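Q: One structure is given below, represented as C-alpha cells, and several questions about it will come after.
Numbering (our numbering), first residue to last: 3 to 73.
As C-alpha cells, then:
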C-alpha cells in the first residue's frame, strides 16, 4: 500500500503509478466518494466541446460585419 500526505491546503498528491494507471493528467477532473473508511477517486470522462456554442447563433464576434472600423 502506498501512503500520501495531505498538505495544509488540503491537497493530496496521487502517487505516479496510480496517475499512470488511471491516465490522470493535470487539470483532469475526478469525483470522490466514501465507502466505509475508504476514499474512492473515479476519473471523469472528458467533456466534449460539441454544443457549447449552440446558443450563439449570431456567429463569431470577429465576423467582418461586426468589426468596428477604426479611423
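Even for Gly, the Cβ is constructed at its ideal location relative to N, Cα and C. All values derive from a computational prediction rather than experimental measurement.
Quick one: what does DSSP say residue 24 is sitting in, helix, strand or coil?
A: If DSSP states are grouped into helix, strand and coil, residue 24 belongs with the helices.
Q: Is the beta carbon of residue 32 sitting closer than 7 Å to the one on residue 43?
A: yes
Q: What are the partner residues of residue 42, as DSSP defines its beta bridges?
A: 35
Q: Ignore the nearest five residues each way along the sequence and tell me which others in residue 29's own chain have a CB closer than 6 Å to its CB.
A: none
Q: How big is the Cα-Cα spacing for residue 5 and residue 20?
A: 12 Å
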